[in-house]
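**Q**
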Amino acid sequence: MKETRISLSLLSWLILMLAGSIQARADINRRWGRVSLFALAAQRSQPGGENNLFTELVGTLMFRSSVGEDGGFEYAIDSRFAGYPSTEGRSQRVSIFDAHVGWWTKSRTFGFRAGQVWLDALGALGSLGGVVAEVRPFRNLPLGIGEMRLGGFWGFEPKIMEAGYVSNVNKFGGYLAIEGAAARRHVLGYVNIRNQGLTERSVLVFSNYLPIKRAFYLYQAMEYDLQGPAGQGQGRLTYFFANARYSPLRLIELQGIYHHGRSIDARTITEQVRSGRPVSESALEGFLFESIGGRLTLRFFPGLQVFAGYAQDKTNEQDEKRDRLTFGFFGYNLFKTGLDLRVTNSRFSQAGRSSYNSWYVSLGKTLGRSLYLEGFFSSSVSILRYFGSQVQLETRPRTELFGLSSIFYLTRRASLLLTIERTSGDFPGETRAMTGVSYRF
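To get our numbering, take the position in the sequence shown, counting from 1, and add 2.
1. Note down, in chain order, each residue of its chain lying with its Cβ closer than 8 Å to the Cβ of K161, except the 5 sequence neighbours on either side.
2. With a threshold of 16 other CB atoms inside 10 Å of the CB of L412, please say whether the residue is buried or exposed.
3. Which residues in the same chain have their Cβ closer than 6 Å to the Cβ of K316, if we skip the five residues on either side of it in sequence?
4. Have a look at G438 and I271 and give me their C-alpha separation to the nearest angstrom.
5. Determine which residues share a DSSP beta bridge with I214 and list them.
6. Assuming contact is defined by CB atoms lying nearer than 8 Å, are N210 and R247 in contact in what I supplied?
7. Give me the Cα-Cα distance between R92 and G176, rounded to the nearest whole angstrom.
8. Are the CB atoms of W120 and G113 nearer to each other than 8 Å?
9. Determine the burial state of M224: buried for a count of at least 16 other Cβ atoms within 10 Å of its Cβ, exposed for fewer.
10. At a cut of 8 Å, does the region 195-207 reach the region 141-149 through at least three beta carbon pairs?
11. Rounded to the nearest angstrom, what separates I24 and W34 at their Cα positions?
12. Taking S97 as the reference, which of D72, G61 and D122 has the closest Cα?
13. Please state whether DSSP places E287 in a helix, a strand or coil.
14. Under the rule that 16 or more other beta-carbon atoms within 10 Å means buried, what is D122, buried or exposed?
15. Should V207 and L300 be called a contact, given that it needs their Cβ atoms to be closer than 8 Å?
16. Quick one: using the 10 Å Cβ neighbour count with 16 as the cut-off for buried, is D80 buried or exposed?
17. Using CA coordinates, which residue listed in A101, E71 and L63 is at the minimum distance from Y77?
18. Is it true that the region 336-356 meets the region 364-383, where meeting means three or more beta-carbon pairs spaced less than 8 Å apart?
19. Pick out the complete beta strand (DSSP E) segments inside the region 154-205, 3 residues or longer, and give them in chain order.
20. On the DSSP bridge assignment, give the partners of G35 in chain order.
21. When the Cα atoms are used, what is the spatial distance from S282 to D267?
22. Got a sec: does the ligand SAM put a non-hydrogen atom nearer than 7 Å to the Cβ of E76?
23. Of the residues Q222, S249, P231 and F243, which one's Cα is nearest the Cα of I214?
24. In three-state terms, what does DSSP make of E273?
25. Taking C-alpha atoms, which residue in Q352, F378 and A416 lies nearest to S407?
26. If you draw a straight line from the C-alpha of Y358 to the C-alpha of S380, how long is it?
27. Assuming P280 contacts S47 under a Cβ cut-off of 8 Å, what Cβ separation, rounded to an integer in Å, is found between them?
28. Ends of the beta strand (DSSP E) at G74?
29. Could you tell me the alpha carbon to alpha carbon distance between S426 and N54, rounded to whole angstroms?
30. Does the beta-carbon of K108 have 16 or more other beta-carbons within 10 angstroms, so that it is buried, or is it exposed?
31. How many whole angstroms separate the CB atoms of V134 and F155, which I take to be in contact at a CB cut-off of 8 Å?
32. How many Å lie between F75 and R115 at the Cα?
33. Using the Cα positions of G370 and Y260, report the straight-line distance between them to the nearest angstrom.
34. Pop quiz: L63 and V37 are said to be a contact at Cβ under 8 Å. What is the actual Cβ separation, rounded to whole angstroms?
35. How many Å lie between L286 and A232 at the Cα?
36. If you reduce the DSSP assignment to three classes, tell me which class R349 lands in.
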């Protein structure tokens, strides 16, 4: 099994490189891509005067073709490479999101893709190393509904933070998508993940984007597990997100957001069941997050927006809900000075805990035709850190961040980025610098 998976990945890469070496053909309408290289250095001040240095080098490569109505071959690659020169013993990382080839019939009625594919229609569950087949039986549904797509897939579960596939884990399923004008989209899908004879997850996936007369916009995404991991526990709604925007007048926009989810480690639970170990109730419940809120935005004149909003957040099932009151404004080319100014304040309050404010202020300006310069300040910052396969979120309500960022457009296709920032406060101070170059072709 392992040899088969490795061969599948290598075959995709070989075919992809071969396709990339072929000159433009009639069945390939457009090709585009981007290559980037970034360098990050961070120095943290420790008690006693010692400093810790962390460095990271990151490269990204994206290249894909687009197939027109005449059909033909397609190919794509989307990958990320990372190295850590200053961290002894930390291995390099290779993340592959897309590395596939495909073919479509004339008029794109039927097609397939083979290799490593990310199915956008399935959201976070869309990563696959295998084969995807798709048919488009109705290209123009009545009443202007749009085009219907039916697809099915089978393959292996790719690793996200490194190249390769998870051992003994298979994935299969299908999807129905209806797409129309103005990016209107409705998707219903099913994903089944099998782990050595056990059903790790059996999930219904739903998403849609519905625009109505340029005044109302609704986006929704949902995951519903039909059963608990490896048959443990009950089926339930594990994720739901809804974002609605309504503009009764050009000067007014109303927005409502609801976000609910449970982060359940289905793979670990399945491994515990396979080994005969008991599964705790807390593991089946998972980590709960929930947020509901709304915002009012007023556009007094072009380039100036003032907004205010209120929301309630819950990041732990045992905690009380946290109130979040937000207000601010954003000005683009403010009063025709060329300055872009943003000021936002969020006040957090929770029963049994002290309240605090989180400010964000930025001021930017285009200098000449090629340089954009921005200074920014933030208080009560949060920092996301990766430790191997673990993720840690550090919330620092008494920490301040100052920074300067610039983008220099070397040519129409190439740009240079430079960012320098400094944090100080309750935690040890940290200075970070990042630079990088990106080229589109």
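Virtual Cβ for every residue (Gly too), placed ideally from N, Cα, C.
Bear in mind the structure is a predicted one, so any value in this text is a computation, not a measurement.
**A** In short:
1. On the sequence shown, residue 161 is found 159 positions in, with the first residue counted as 1. Within the same chain, Y167 and V168 come within 8 Å of K161 by CB-CB distance, once the 5 residues on both sides are set aside.
2. To locate residue 412, count along the sequence shown from 1; it is residue 410. That one is exposed.
3. The count along the sequence shown starts at 1 and reaches residue 316 at position 314. Excluding positions up to five away in sequence, the list reads E292 and K323.
4. To locate residue 438, count along the sequence shown from 1; it is residue 436. To locate residue 271, count along the sequence shown from 1; it is residue 269. Take the alpha-carbon of G438 and the one of I271: they are about 41 Å apart.
5. As a working note, residue 214 is residue 212 in the sequence shown. When beta bridges are read from the DSSP output, I214 appears opposite F218.
6. Residue numbering aside, residue 210 sits at position 208 when the sequence shown is read from its first letter. Residue numbering aside, residue 247 sits at position 245 when the sequence shown is read from its first letter. Between N210 and R247, the gap from beta carbon to beta carbon reaches 8 Å or more.
7. The residue labelled residue 92 in the question sits at position 90 within the sequence shown. The residue labelled residue 176 in the question sits at position 174 within the sequence shown. Straight-line Cα distance between these residues: approximately 38 Å.
8. The residue you call residue 120 lines up with position 118 of the sequence shown. The residue you call residue 113 lines up with position 111 of the sequence shown. Not in contact: W120 and G113 (Cβ atoms no closer than 8 Å).
9. Here residue 224 refers to the residue found at position 222 when the sequence shown is read from its first residue. By the 10 Å Cβ count, M224 comes out buried.
10. Put simply, the region 195-207 does not touch the region 141-149. Fewer than three CB pairs are less than 8 Å apart.
11. Residue 24 sits at position 22 when you count from the first residue of the sequence shown. Residue 34 sits at position 32 when you count from the first residue of the sequence shown. Any reading at I24 must be qualified, since the residue scores a pLDDT of 37, below 50, and its modelled position is unreliable; the value itself is stated next. CA-to-CA, the gap between I24 and W34 works out to about 15 Å.
12. For the purposes of this step, residue 97 is identified with residue 95 of the sequence shown, where counting begins at 1. It is G61.
13. Position 285 of the sequence shown, counting from 1, holds the residue named residue 287. In this structure, E287 counts as helix in the three-state DSSP scheme.
14. As a first step, residue 122 is located in the sequence shown; it is residue number 120 there, counting from the start. Under this definition D122 is an exposed residue.
15. If you number the sequence shown from 1, residue 207 lands on position 205. If you number the sequence shown from 1, residue 300 lands on position 298. No; because the gap between Cβ atoms is not below 8 Å, this pair is not in contact.
16. Taking the first residue of the sequence shown as position 1, residue 80 is located at position 78. D80 should be labelled buried.
17. For this step, residue 77 is matched to residue 75 along the sequence shown. Answer by Cα proximity: A101.
18. Between the region 336-356 and the region 364-383 there are three or more C-beta pairs closer than 8 Å, enough to call the two in contact.
19. The region 154-205 contains these whole beta strand (DSSP E) runs: 167-181 and 187-197.
20. Residue 35 sits at position 33 when you count from the first residue of the sequence shown. In the DSSP assignment, G35 is bridged to F65.
21. Here residue 282 corresponds to residue number 280 of the sequence shown, with the count starting at 1. Here residue 267 corresponds to residue number 265 of the sequence shown, with the count starting at 1. A direct Cα-to-Cα measurement between S282 and D267 gives close to 12 Å.
22. No copy of the ligand SAM occurs in the structure displayed, which carries no ligand at all.
23. Stepping through the sequence shown from its first residue, residue 214 is reached at position 212. I214 has its Cα closest to that of S249, out of Q222, S249, P231 and F243.
24. As a first step, residue 273 must be located in the sequence shown, where it is residue number 271. In the three-state DSSP reduction, E273 falls in the helix class (H, G or I).
25. Counting from one through the sequence shown, the residue named residue 407 turns up at place 405. Minimum Cα-Cα distance from S407 among the listed residues Q352, F378 and A416 corresponds to F378.
26. Walking along the sequence shown from the start, residue 358 turns up at place 356. Walking along the sequence shown from the start, residue 380 turns up at place 378. Spanning the two alpha carbons is a distance of roughly 13 Å.
27. Sequence index remark: in the sequence shown, residue 280 carries index 278 (1-based). Sequence index remark: in the sequence shown, residue 47 carries index 45 (1-based). The pair is not a contact, with the Cβ atoms about 45 Å apart (cut-off 8 Å).
28. Here residue 74 refers to the residue found at position 72 of the sequence shown. In the DSSP annotation of this structure, the continuous segment of the beta strand (DSSP E) that includes G74 starts and ends at G74 to G85.
29. Translated into positions along the sequence shown, residue 426 becomes position 424. Translated into positions along the sequence shown, residue 54 becomes position 52. C-alpha of S426 to C-alpha of N54: approximately 15 Å in a straight line.
30. Sequence index remark: in the sequence shown, residue 108 carries index 106 (1-based). Taking all protein chains in view, the Cβ of K108 is surrounded by fewer than 16 other Cβ atoms within 10 Å, so the residue is classified as exposed.
31. Counting from 1 along the sequence shown, the entry for residue 134 is found at position 132. Counting from 1 along the sequence shown, the entry for residue 155 is found at position 153. Contact flag correct, Cβ pair sits at about 4 Å.
32. Here residue 75 refers to the residue found at position 73 when the sequence shown is read from its first residue. Here residue 115 refers to the residue found at position 113 when the sequence shown is read from its first residue. Distance between the alpha carbons of F75 and R115: 10 Å.
33. One-based indexing of the sequence shown puts residue 370 at position 368. One-based indexing of the sequence shown puts residue 260 at position 258. In a straight line, the C-alpha of G370 is about 42 Å away from that of Y260.
34. Counted from its first residue, the sequence shown places residue 63 at position 61. Counted from its first residue, the sequence shown places residue 37 at position 35. Contact flag correct, Cβ pair sits at about 5 Å.
35. For the purposes of this step, residue 286 is taken as the residue at position 284 of the sequence shown. For the purposes of this step, residue 232 is taken as the residue at position 230 of the sequence shown. A232 has its alpha-carbon roughly 11 Å from the corresponding atom of L286.
36. Here residue 349 refers to the residue found at position 347 when the sequence shown is read from its first residue. R349 falls in the strand class under three-state DSSP.
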